[in-house]
Every structure is written in C-alpha cells, then in structure tokens.
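Inspection log for the structure reproduced underneath, given as structure tokens.
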Amino acid sequence: MVRPMSTSGAAKPGKPAKNTAATPEAAPEKTLDRIIGERRDKGVALANAGRNPFRNDVAPRDQIADVRARYTATKPAADAVHEGIVPVDGTMVQVAGRIMAKRGFGKTVFAPLRDRSDDIQLYLNVDNLDAGDFEHVLPNLDAGDIVACEGPVFWTKRGEMSILAKRLWVLTKSLRPLPDKWHGLADVELRYRQRYVDLAVSPDVREVFRKRSMIVRGIRQFLDERNFLEVETPMMHPIVGGAAARPFVTHHNALDMRLFMRIAPELYLKRLVVGGFDRVYEINRNFRNEGLSRRHNPEFTMLEFYQAYATYDDLMNLTEELVASLAKQINGATKVTWDGVEVDLAAPWQRLTVQEAVRTLGGIADAERVFTDPAYAVQMCAQHGVPAADIARAISEGVPAGTVLPYPADQLTALFKTEERDTVAAALIALYPSEHVRRVRAGHLGYLLFEATAEDKLVQPTFLTQFPLAVSPLARRNENAPEFCDRFELFVCGKEIANGFSELNDPDDQRARFAAQMQAKAVGADETMDYDEDYCRALEIGMPPTAGEGIGIDRLAMLLTGQASIRDVILFPLMRPE
RNA sequence: GGGGGCGUAGCUCAAUGGUAGAGCAGCGGACUCUUAAUCCGUUGGUUGUAGGUUCGAGCCCUACCGCCCCCA
38 MVRPMSTSGA
48 AKPGKPAKNT
58 AATPEAAPEK
68 TLDRIIGERR
78 DKGVALANAG
88 RNPFRNDVAP
98 RDQIADVRAR
108 YTATKPAADA
118 VHEGIVPVDG
128 TMVQVAGRIM
138 AKRGFGKTVF
148 APLRDRSDDI
158 QLYLNVDNLD
168 AGDFEHVLPN
178 LDAGDIVACE
188 GPVFWTKRGE
198 MSILAKRLWV
208 LTKSLRPLPD
218 KWHGLADVEL
228 RYRQRYVDLA
238 VSPDVREVFR
248 KRSMIVRGIR
258 QFLDERNFLE
268 VETPMMHPIV
278 GGAAARPFVT
288 HHNALDMRLF
298 MRIAPELYLK
308 RLVVGGFDRV
318 YEINRNFRNE
328 GLSRRHNPEF
338 TMLEFYQAYA
348 TYDDLMNLTE
358 ELVASLAKQI
368 NGATKVTWDG
378 VEVDLAAPWQ
388 RLTVQEAVRT
398 LGGIADAERV
408 FTDPAYAVQM
418 CAQHGVPAAD
428 IARAISEGVP
438 AGTVLPYPAD
448 QLTALFKTEE
458 RDTVAAALIA
468 LYPSEHVRRV
478 RAGHLGYLLF
488 EATAEDKLVQ
498 PTFLTQFPLA
508 VSPLARRNEN
518 APEFCDRFEL
528 FVCGKEIANG
538 FSELNDPDDQ
548 RARFAAQMQA
558 KAVGADETMD
568 YDEDYCRALE
578 IGMPPTAGEG
588 IGIDRLAMLL
598 TGQASIRDVI
608 LFPLMRPE
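At position 446 of the first sequence the residue is numbered 483 (the working numbering), and the sequence of numbers has no breaks.
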C-alpha cells in the first residue's frame, strides 16, 4: 500500500524559483517550511516511483552492533593492498536505522546509519546498488530518514567497516532537518523539550539513559537475589505520609474524594512487612510539590526496601555493596567524577554522626551542647545563617499545644530576626514540659545547624548517622540516647542519595511521633506527615524488627553517570509549556 | 520569591547605537574509497513578545514570555 504524501497546498516545489511575483499575496515562506516542503516533495517522488515513504514491510535481520562484532576481526592490516571493493564473505546483512549524514560523490554516496545499538557506514554505489534504488531512492534520501539496507560487509581503503548496499528502502521519510551534524543539539531547553532529537543525534545522551536503565535492572537483580519481593503500592494516597514534603493534591470524582500523589511509599510497604512479606521493595515514582532545581524534579524515582530482622547497620553494609557493585557493573570502576570531584565508591565508607559532623565539618566546637541545650542551639543556628523562620518553628514545636504563648505566634519569625531572639527563645523553652523535650528541640536545631554548616562538606561517600528524633518521625530510637534515632543518610558531593533506618515498630511511640507532627504543623511547618491511624493499627498487629531504606534513583543515576543536573537523567523533565 | 546570565536563519554562533553576517544543513552543479569529504554557485531573518528612548535599536530603557545558574 502506498500512502501518498499529503503535500500541503503551501508547500512549494523543490526549486522555489523567484516566481513569487506571480503570487504576491502568498506569505513569504520561512526557511524551515521550505526545508519541510522539500522533504515532502522527496516523499512524493518516492511514492510516485512506487516506493511508499512510510512503509512497514521491511524488518532488519541484523543489529548493527552484532554485525560489527561479527566482522571486527576481519579488518585488513593497515598495509594491506586494496584491489577494488571486495566483500569479506559475501554474506548479506540487513540493517535498519536512521541516516545520520549523506556524503555524495556523484555515483557514490556514503551514509552513516544508526540503530539502537551502534553506527555503521552504508556505501551506496551505482555499480552495486539496485538500479531502481539508485535512480529513485538515493536522490530522495536525506539525513534523518529511517531506512533499511541490505548488502555484504566490506572494508574501505581507510579501514572503515561498511555495508556495500545492494538494496535500500526508505521506511520513514523524515520531514524535519536534524541539528548541526558537528555541534549537535546544544540548546539545553531544546534538548529537554525535544528529547527525541537529543537522543537521535547524541550518543552520549543515549548512553546516560542506557546506564540509568542498567542501574535499575542491577538493583532489581541485587534485591531479587536476596529474596526481596518487588511490590506495587498506591501512588494516590488519602493522607500524606512517609516523608516530609508538600504533596500534589488531586480528586477522585466517583468517590468525591481528595487524594494526594504519594510523597513516599513507606507506610504501605511497612504494612506489607506486618503482613508477612518481610523483604519487600518498590521502585517507582514519588511526587513532591516543591521547586525545581539541578537536584529536584517534582516527580522522581525512588527505591524503597524493607528487610525484617535487620538493623540500619545492616542496611549501610548492604548499600555499600549495592552501590559499589553497580558502579563496577556500569562503569567498570568504583571511581567516578561528579561535580568535578573524583569520588571513590569502594567500600567501606566513612560513618559520621550528625553531631560529629557539626563539630568536625561545621566547626562548632561544643557540638554536644548544641544537641542538649536549645538556647545555645538557637545562638549557634542564628550565627550560622539558619533562617529565622526555621529556628522559630523548631523552638515553638516544644511548647505544648494550647499553651498561650508569651509572644504573638505570627510575630515569632520577625522576633527571631532581632536581638530579642535569645530572650524569646528562653521564654518559649521555659514552657517545655520536660528535659526530654528540651533535648529533642535541641536536636532539631542541631540538625538545622548541620544543614547550614556541614552538609555540603560531605563529599566522599559518607553515612551520616544518629539523626535527631524530631526530624525522624518513623525511625526507631537509639537504645542509649532516646533523643536520637538509629537512622542514616548517605551523602555524596553534599547531596543526599539514600535515607535508611531501623524502623519504629512500637505503636504507642509511633502515635506520639504523629502527634508531634501535628504539633509541628500547628506552629507552621508545611512539610509534615498526617496522623495515620490505620498504620498505627497495623503496628498493633505487630511489625517484626525491621530496617528500611530509600534510595533516590535519579541522584544515584547522576552519581554513576557523572551528570550535574537531574534533568540530564530524566528523559522528560518538567518544563513550562512552550 | 530575590539576584545574575542568556534568547539572532532549521542547527552552531558572529555583528562600537549606523546596510543583520559566517559555518553547517538545504537547493543547483562537478566528483566512484568519504568519514566535520572537497570545489563552484545559491536560497534563507518580524533579531523571544510588546512598548519606549533615538535622526537611527539585535545592541540602550521598561514590562512580559522562556531557559540556565546562584540564593531563599
């Protein structure tokens, strides 16, 4: 079947001679329109010669990479004498892909062809190519066209493996020109908006996404080998849970129900652990309604996995093994360059408590006092640039709900920007019901101080451990220090890659943590979890001792492919509409 | 949200406030081992959008749109 090209009335013939005077009312044709018109005309010419320019009756038998592999060893010595064009063995290969360039020599045309696996050069010559193809197909061939080609393999004098084309079919006529053959597509905006063009012309970009796919496959293999069960849990949640982030809100019509796009699958996965699937994982999208940056995309991919009868310590060991083995599998080495820094992912990695990080990297000599004395912590935070709003909230969260504050709640942030800060803080701290709350609040401030002073100094892979309770509402308390949790985060080049902990499975403690989240929300925190009563009920059924972890797949892909922007590891990053 | 940068032909980029150019691609021609092929000729522009200043604006000013970077 030959579908005629729909040559639009506006399209002009191949030679747009200067006869526009004959149609003075015609709008001037733009360059791109003219190019598209010329390409359409070639499609019409193909159709007129009985060659459908959009056909689907020729499937390639061979992949280019396979052809290359098969013939690489037959390459003649550099000093070999050439006697015309001699196929290696006369075996016909048949490949298909996109024509990347066209170099014409009158009766000979060289045209590199690219399929998903590799490139190979087509040698299209009047003496060898089917006469009809030479006459009707070749003149209507453009860079960008999808073609199939059949012929034997030979080596050119310059030592380039080539296919001596006997037959050539245009399978898909490309109507738009490809970007500059040398510079490619440099405009990052166009690269993201028209990823199909970016991928078509940039092997490097293809390679990044191929590696990303290998990473995900490698993770599945790694976990499957360890008897983890891959599961799928809801992406639309009736309540917000599992992480501290602002959600996307949507609505289900039939049930007339508000739903949140999930910010994390954590609470569902742990329900499965309660149910007896005590090694589970999920690799899927999370959605967080936050700004875009080099390291944030509103939808991103997360691996979360849970292993019963394991501790956060076990998961740190597992993570080292997983990431180091992925690096070897994908790059053949544990060293990668990221952000201009050489990072070595070989195990073991440094382990450092948050408090130690504040002292050694943040340069706060009395870090211990920061994590026990909230008044001191306020001073340190203020000195080191922690935003006043964050300090005010962290301090306020310790005041029991319903207490009449000595200062108007809506002026707290403003007050924390002034010299009155310490007085105000002291007044609020005086309202705390217990020494425990004082320490919990100090821990919260200590964590803010860590973010301000130390986080970006964690360059080589580092497990940051012993997180303050206040910022870890789902993690198990440390046996010896109840204001800290058995939790870690993995940092590389100042970026958080993974987050794991021994799970909190005491339902009463979990209820108290949810209540604390409600309190935080009440004093203005916008990244809080909702109280999840069903999850608490599940914990009452009983969750075995468990450790769980989330690994950001996008950031891991950035690390292992050396990309500086998350947009370069997401095929279609979020953009404003054109 | 704040600050900085960028936006010119299909692509990659030029252009003291004074006639908008080049390379590639395209088109026509030559060429049977090129690979950023070469050579000759040639088409192609509402300089992101809308205003303003000026005798004159791609360039200066204002607003808006989009992208990038930094900060919050």
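Ideal Cβ placement from N, Cα and C applies to all residues, glycine included.
Item: For Phe259, collect the residues of the same chain with a Cβ closer than 6 Å to its Cβ; drop the 5 residues on either side in sequence, then sort them by chain order.; Value: Leu359
Item: So what does Lys372 bridge to, in DSSP terms?; Value: Asp381
Item: Check whether the region 271-280 and the region 293-309 are in contact - that is, three or more C-beta pairs closer than 8 Å.; Value: yes
Item: Would you mind giving the Cβ-Cβ distance between Pro498 and Leu382, rounded to the nearest angstrom? I have them listed as a contact below 8 Å.; Value: 6 Å
Item: Please classify Gly599: does DSSP put it in a helix, a strand, or coil?; Value: coil
Item: Tell me the rounded alpha-carbon separation between Asp589 and Arg254.; Value: For the record, residue 589 in the displayed sequence is Gly; it is not Asp. Distance between the alpha carbons of Gly589 and Arg254: 15 Å.
Item: To the nearest angstrom, report how far apart Ala419 and Ile428 are at their CA atoms.; Value: 8 Å
Item: Mapping DSSP to helix, strand and coil, what is Pro240?; Value: helix
Item: Under the three-state reduction of DSSP, which class applies to Pro614: helix, strand or coil?; Value: coil
Item: Are the beta-carbon atoms belonging to Val311 and Val606 less than 8 Å from one another?; Value: no
Item: With DSSP as the reference, label Glu197 as helix, strand or coil.; Value: coil
Item: Name the one or two DSSP bridge partners that Ser539 has.; Value: Ala584
Item: Put Cys522 into one of helix, strand or coil per three-state DSSP.; Value: strand
Item: Closest to Gln158 by C-alpha separation, out of Ala479, Gln392 and Trp192, would be which residue?; Value: Trp192
Item: Over what stretch of residues does the alpha helix (DSSP H) that includes Pro411 continue unbroken?; Value: Pro411 to Gln420
Item: Can you tell me which of the three DSSP states Met339 falls into?; Value: strand
Item: Leaving out the 5 sequence neighbours to the left and right, which residues in its chain are closer than 6 Å to Ile367 when beta-carbon positions are compared?; Value: Lys248, Met251 and Leu597
Item: In terms of residue numbering, what span does the beta strand (DSSP E) encompassing Val132 cover?; Value: Met129 to Ile136
Item: Could you check the C-alpha separation between Thr618 and His481 for me, to the nearest Å?; Value: Only positions 38 to 615 of the chain appear in the structure, and residue 618 is not among them; the question remains open.
Item: Pick helix, strand or coil for Gly439, following the three-state DSSP scheme.; Value: coil
Item: Compute the beta-carbon to beta-carbon distance between Phe487 and Val395, rounded to the nearest angstrom, for a pair I have assumed lies under 8 Å.; Value: 5 Å
Item: In terms of residues, what are the limits of the beta strand (DSSP E) holding Asp156?; Value: Asp156 to Asn162
Item: Rank Ala426, Ser471 and Val477 by C-alpha distance to the C-alpha of Arg458 and give the top, closest one.; Value: Ala426
Item: Run through the DSSP bridge pairs and tell me what Gln387 is partnered with.; Value: Thr499
Item: Mark Arg613 as exposed unless 16 or more other C-beta atoms lie within 10 angstroms of its C-beta, in which case mark it buried.; Value: exposed
Item: Between the beta-carbon of Arg257 and the beta-carbon of Glu327, is there less than 8 Å?; Value: no
Item: Between Pro90 and the rest of its own chain, which residues show a CB-CB distance below 7 Å, the 5 nearest in sequence each way excluded?; Value: Met42, Gly80, Leu83, Ala84, Val207 and Lys210
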